[in-house]
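Notes follow the structure.
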Amino acid sequence: MRRLIAFVLASCALASTLCAHDFWVEPETFTPKHGELLRVRLKVGDFGRGDNVPRSDQRLVHFDLVAADRTKPLVGRDGQEVAGLVRVESEGTLLLGYVSNHAFVELAPAKFAAYLEEKGLDAVAAARTERGELDEPGRELYSRSAKSLITVTAPSTEGFDRVMNLPLELIPNKNPSTLARRADGSGYEALPVTLFFEQKPLAGALVAALCLDEPRDDATATIFARTDELGRASLALTRSGRWLIAAVHMRAAVANERHADWESFWGSLTFEVPPALPAERR
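Convert by adding 51 to the 1-based position in the sequence shown; the result is the number in this note's numbering.
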């Protein structure tokens with residue numbers, strides 16, 4: 052019964068906050084010490100203000116810490132706000148990765164239209180217009196893929212771009228922990244990322260980046276870019292601190308028992324940009 056109640060609460064929390072809200076992995080620290088027991092939470096929210104999403108074993112596909120020499124599952128108790136625990140036994144740049152199975156949500160026409168606009172899902176909006184479905188609710192199956200970069204002891208030149216084969220995966224093409232500050236002091240050099248869907252580059256997707264340490268509820272603080280034909284986007288980060296990058300991909304759903312018309316895949320990446328060293332010390 053306790054597991055059932057936890058699952059229902061987690062499902063309701065996700066469904067009630069789905070409309071254009073981001074989902075991400077948030078470790079207790081992005082720079083754990085070797086041998087430390089790391090606590091990791093799952094978050095859902097807007098502009099970096101997130102509510103904890105309790106661990107739901109019925110939604111969980113996998114939740115792992117990945118290093119060059121090992122992969123360890125994050126353990127946890129169903130229904131707990133600390134979604135995962137893992138002992139950090141490797142050094143360098145490591146990855147946390149979470150994948151959920153599909154859940155169903157139905158949104159009123161206006162909410163669904165706003166969600167499509169916010170996430171840059173123009174092709175879906177155009178398809179609904181062409182089919183005369185603008186007054187129909189949005190019936191959707193959705194799943195989450197979230198990852199996080201953590202640094203143990205010191206940043207590594209390897210590991211930050213390791214492919215985890217998540218359904219929708221953001222891969223940085225440069226280690227965020229080693230970004231240089233721009234010469235004019237206005238921010239950092241651009242962070243190039245590549246977005247993959249089912250292990251293939253995804254073109255035309257809207258990628259958003261925001262600093263989790265910025266003042267909350269400020270939509271203007273979000274940085275946007277569209278992926279090119281190779282799935283690449285460049286994001287000019289403005290400051291040091293904890294960052295979230297997110298994207299959503301949606302396609303027509305195959306026949307399903309929930310009669311969903313659409314299937315969406317949510318991907319996110321979190322990391323920390325330390326204060327940049329002066330150029331002469333690099």
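C-beta atoms are modelled at their ideal positions from N, C-alpha and C, and glycine is treated no differently.
Same chain only: Cβ atoms within 7 Å of residue i, ignoring 5 sequence neighbours per side
i, result
"arginine 335", "Any question about residue 335 goes unanswered here, given that the chain covers just 52 to 333."
"arginine 92", "Glu77, Asn103, Glu132, Val133 and Ala134"
"lysine 123", "Asp115, Leu116 and Val137"
"histidine 310", "Arg190"
"leucine 257", "Lys170, Gly171, Phe275, Arg277 and Ala298"
"glycine 127", "Arg106, Val133, Ala134, Gly135 and Leu136"
"proline 326", "Ser291"
"methionine 215", "Val117, Leu146, Gly148 and Lys198"
"asparagine 224", "Asp212, Pro243, Val244 and Thr245"
"arginine 90", "Glu79, Val133 and Leu136"
"leucine 125", "Val91, Phe114, Asp115, Leu116, Gly135, Leu136 and Val137"
Which residues DSSP lists as bridging residue i, in chain order
i, result
"histidine 85", "DSSP output for histidine 85 lists no bridge partner at all."
"threonine 202", "Thr144"
"aspartate 102", "Val95"
"threonine 245", "Ile222 and Arg283"
"aspartate 115", "Pro124 and Gly148"
"proline 252", "Phe247"
"valine 305", "In the DSSP output, where bridge partners are listed per residue, valine 305 has none listed."
"alanine 231", "Partner(s): none; alanine 231 has no beta bridge."
"isoleucine 300", "Note that residue 300 is histidine in the sequence shown here, rather than isoleucine. DSSP, once it has assigned bridges, lists Phe316 as partnering histidine 300."
"arginine 90", "Leu136"
"glycine 292", "Val324"
6 Å CB neighbourhood of residue i in its chain, flanking five on each side removed
i, result
"glutamate 265", "Ala272"
"methionine 301", "Leu172, Val175, Trp313 and Ser315"
"leucine 69", "A caution first: leucine 69 carries a pLDDT of 46, below 50, which makes its placement in the model unreliable, though a value can still be read off. Once the five neighbours on either side are set aside, the close Cβ partners of leucine 69 are Val156."
"lysine 94", "Trp75, Glu77 and Gly101"
"glutamate 323", "Phe81 and Arg293"
Endpoints, the alpha helix (DSSP H) within which residue i is located
i, result
"tyrosine 239", "First-last for tyrosine 239: undefined, no H or E at that position."
Start and end residues, beta strand (DSSP E) containing residue i
i, result
"glycine 318", "313–324"
"serine 285", "283–286"
"arginine 277", "274–277"
"glutamate 77", "73–78"
"proline 223", "219–223"
"leucine 257", "257–262"
Selection from the options that minimises the alpha carbon distance to residue i
i, options, result
"leucine 253", "Ser228, Ala304 and Phe316", "Phe316"
"proline 218", "Gly210, Thr80 and Tyr193", "Tyr193"
"threonine 80", "Asp120, Leu145, Ala165 and Glu308", "Leu145"
"arginine 182", "Ser319, Ala303 and Val324", "Ala303"
"arginine 213", "Arg195, Val299, Thr245 and Glu157", "Thr245"
"leucine 88", "Val139, Leu125 and Phe74", "Val139"
"serine 107", "Gly143, Val150, Thr289 and Asn216", "Val150"
"alanine 284", "Thr208, Ala231 and Leu242", "Leu242"
"alanine 119", "His113, Thr208 and Val112", "Thr208"
"isoleucine 296", "Ala259, Glu308, Gly282 and Val305", "Ala259"
"glutamate 308", "Glu187, His153, Ser319 and Thr204", "His153"
"leucine 230", "Ala287, Ser196 and Lys251", "Ala287"
"phenylalanine 248", "Ile222, Asp129, Gly236 and Glu240", "Ile222"
"leucine 261", "Lys84, Glu142, Ala177 and Ser319", "Ser319"
"glutamate 240", "Leu281, Asp129, Leu111 and Thr289", "Thr289"
"arginine 121", "Arg110, Gly238, Glu142 and Gln109", "Glu142"
"threonine 321", "Gly130, Glu220 and Glu168", "Glu220"
"proline 227", "Ala234, Gln109, Ala205 and Ser237", "Ala205"
"proline 83", "Ser196, Val112, Leu200 and Glu280", "Leu200"
"leucine 281", "Leu263, Gln250, Ala165 and Gly238", "Gln250"
"glycine 334", "Ser196, Arg233, Val203 and Ala234", "Residue 334 is absent from the model: the chain starts at 52 and stops at 333."
"valine 112", "Ala177, Asp279 and Ser196", "Ser196"
Close Cβ partners of residue i (< 8 Å) along its chain, the five nearest in sequence each way excluded
i, result
"phenylalanine 96", "Reading off the sequence, residue 96 comes out as glycine, not phenylalanine. Here the set comprises Thr68, His72, Asp73 and Asp102."
"proline 188", "Glu157, Leu158, Ala159, Pro160 and Phe163"
"glycine 210", "Ala118, Ala119, Gly143, Thr144, Leu145 and Leu146"
"methionine 52", "Unreliable positioning characterises methionine 52 in this predicted model, as indicated by a pLDDT of 46, which lies under 50. A coordinate reading is not provided."
Q: Ignoring anything shorter than 3 residues or poking outside the region 121–195, list the beta strand (DSSP E) runs there in chain order.
A: 122–124, 135–138, 143–151 and 154–158
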